[in-house]
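Be aware that the sequence shown starts at 0, since it is given in numbering that gives the first Met the number 0, and climbs by one per residue.
A quick write-up on the structure given underneath.
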Amino acid sequence: MQGFVHSIETMGLLDGPGTRTIFFLQGCPLRCAFCHNPDTLKRVGGQVMTPEDILKFAGRYRSYYGEEGGVTFSGGEPLLQGEFVYQCLKLLKQEGYNTCVDTSGFGNPRFYSRILPLVDTLILDVKAFDRQSFEDLTTIDGFDAYLEFLNRLGRNGFSGQIWVRHVMVPGLTDDEESMEKFIRILKPIRNKVDRIEILPYHTSGVKKYHELGIPYRLEGVEPMDKKRAKELEIYANKLFAEELRQERAERERVRQEKFKQLKENEVASEQEKAEMFQALRQLPLLNDVDEQDVEAVLNEVILSNIKAGELIFKTGDAPDFMYLIFEGQMKIFVNTVDGEEQIFYIYRDGDFVGGLNLLVQTPYRYIGQALTDCKVVVIPKSTFDKYFYNSPVVLRSVLVKSFERIRWAEELIQRLATSNASMKTAGLLLKLVKRIGVETEEGIRLELSMSREELGNYSGLRRETITRKLGEFKELGYIELVGNRVIIVKDIEALESYVL
0 MQGFVHSIET
10 MGLLDGPGTR
20 TIFFLQGCPL
30 RCAFCHNPDT
40 LKRVGGQVMT
50 PEDILKFAGR
60 YRSYYGEEGG
70 VTFSGGEPLL
80 QGEFVYQCLK
90 LLKQEGYNTC
100 VDTSGFGNPR
110 FYSRILPLVD
120 TLILDVKAFD
130 RQSFEDLTTI
140 DGFDAYLEFL
150 NRLGRNGFSG
160 QIWVRHVMVP
170 GLTDDEESME
180 KFIRILKPIR
190 NKVDRIEILP
200 YHTSGVKKYH
210 ELGIPYRLEG
220 VEPMDKKRAK
230 ELEIYANKLF
240 AEELRQERAE
250 RERVRQEKFK
260 QLKENEVASE
270 QEKAEMFQAL
280 RQLPLLNDVD
290 EQDVEAVLNE
300 VILSNIKAGE
310 LIFKTGDAPD
320 FMYLIFEGQM
330 KIFVNTVDGE
340 EQIFYIYRDG
350 DFVGGLNLLV
360 QTPYRYIGQA
370 LTDCKVVVIP
380 KSTFDKYFYN
390 SPVVLRSVLV
400 KSFERIRWAE
410 ELIQRLATSN
420 ASMKTAGLLL
430 KLVKRIGVET
440 EEGIRLELSM
450 SREELGNYSG
460 LRRETITRKL
470 GEFKELGYIE
480 LVGNRVIIVK
490 DIEALESYVL
């Protein structure tokens, strides 16, 4: 197995987190008008290397990578050499390297499902925001294929973070309307986006076109004003934060609608609920409820009547409720890519589903449907957190049920960590605002007693990551940094928009 490497950059600081070795691969199916490396377009050329060569070369600089750094594959378009990139990533991950791929989403789709699970950070180049502009800039009709790449990232096994980049060309995308389009097309990957960058168009590559005898399609276009590009980058990030806020508001609306629907199907009187609850208390899940809390729990849970064939929950539903079958049968299944129904479990009286979802706050990945008329005890998340969360018996029941599901359906086990570095950093700052924040004319002042490393430990991030994210939030105007011990929060709404 061999690949074609155009060039190698050591000690790179811009193409992925931390310090990195960047392998620029040959070949690109796009012909972007602003491309400043036209010498990478040919699929063959440069230095011939094997995956073992890549691993050996990266090893020379590993001591410089620190906690965040690692290896990046860029181009050209690295996914065009799909098998080579896959073999390289496989070797690198076996040795514990952090990996990054800088891509426009145009390569060999046969290898996407092998490559993407091995990628920690995906740097995603967004060329244009509509079909015609994409064709004008790249010379190919590929906008739909690009959107398909975005939509299938999760299905192809990608579970890392995404840095989104856009090259802004004067007169083409240097306005607020373009930024609005930009943020809209990120919707399928919104919860994985950790960083949004605008790269100002420059003319440093024009000389290469002249040397290669290739016409330069943007001849005469002046470089993008960096100050204006930064203003639009801040605008795009604020739009993105607002989209997150609206998404959460919609999720809450859906939750309330679901609650209302379940309440409308409630079939038991208070006396019947009490009798049924006493019966249910014989189950391990509920027999640890304190006597003094029984009445409160009865007032908060819902005993819903679900008709045979009705859906109880579906894929993508937020972890707002836990379901315990009091009477009847429920099937748990997914729809395969072929449109077939694959049943994993049949649940009966006393079985429950959703405990792990509530504990780790992951959406439902499967569908629950009543096989027979069912009476289902619905436990809202607020009730679970209040009365069940700290119960060893409940936690043990959830773990036992989870291990059963692992044995039967390992393919349902998903990556449990859903928040990225931006969300964690914003959440940390909001916690500090509540604990130690002081209102001033400049903003909310945080006098810190913790170092950057301690801040990272507190938020579940590495020191380098928390330092980088604070710097990015400063550039976006969300905070101001005064030395190493003072943070002034200037835009608390923007931070709140990141928190799930």
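A virtual CB, placed ideally from N, CA and C, is assigned to each residue, including glycine.
Asked	Found
Beta strand (DSSP E) segment containing residue 166, residue limits	160-167
Contact between the region 202-209 and the region 167-181 (3+ Cβ pairs under 8 Å)	no
When 460, 316 and 495 are compared against residue 258, the one with the closest alpha-carbon	316
Cutoff 6 Å; reference residue 380; Cβ partners in own chain excluding five residues on either side	319 and 357
Three-state secondary structure (DSSP) of residue 414	Residue placement at residue 414 is poorly supported in this model, since its pLDDT is 30, which falls under 50; the coordinates still yield a value, given next. If DSSP states are grouped into helix, strand and coil, residue 414 belongs with coil.
Anticipated Cβ contact below 8 Å, residue 428 with residue 494, distance rounded	6 Å
Distance between residue 235 and residue 441 (C-alpha atoms, nearest Å)	24 Å
Pairwise C-alpha distance: residue 183 and residue 503	In the structure displayed, the chain extends from 0 to 499; residue 503 sits before or after that span and is not available.
Cα-Cα separation, residue 299 to residue 253	19 Å
Residue 5 vs residue 49 beta-carbon contact at 9 Å	no
Ranges of the beta strand (DSSP E) found wholly within the region 324-382, counting only runs of at least 3	329-334, 340-346, 366-369 and 373-379
Cβ neighbour criterion (16 or more within 10 Å) applied to residue 203	exposed
Residue 305, enclosing beta strand (DSSP E) - first and last residue	301-305
Residue 97 versus residue 264 - alpha carbon distance	50 Å
Reference residue 423; option with closest CA among 193, 327, 309 and 331	193
Cα-Cα separation between residue 369 and residue 334, rounded to whole angstroms	16 Å
Coil, strand or helix - residue 319 by DSSP	coil
Residues near residue 376 by beta carbon distance below 7 Å, same chain, minus five either side	279, 300, 302, 323 and 325
Close-in-space but distant-in-sequence residues of the same chain around residue 344 (CB under 6 Å, 5 per side omitted)	331
Proximity to residue 295 [Cα-Cα], best of 220, 387, 12 and 55	387
Residue 197 vs residue 476 beta-carbon contact at 9 Å	no
Classification of residue 150 by the beta-carbon crowding that lies within 10 angstroms, buried from 16 upward	exposed
The region 215-226 in contact with the region 458-474 per 3-pair CB rule at 8 Å	no
Nonlocal neighbours in the same chain, by C-beta distance under 7 Å from residue 496, ignoring five residues either side	240, 241, 243 and 244
Neighbourhood of residue 156 by C-beta distance below 7 Å, restricted to the same chain and skipping five residues each side	112, 115 and 116
Contact belief for residue 3 with residue 93 at Cβ below 8 Å, rounded distance in angstroms	Not confirmed; about 23 Å, so no contact.
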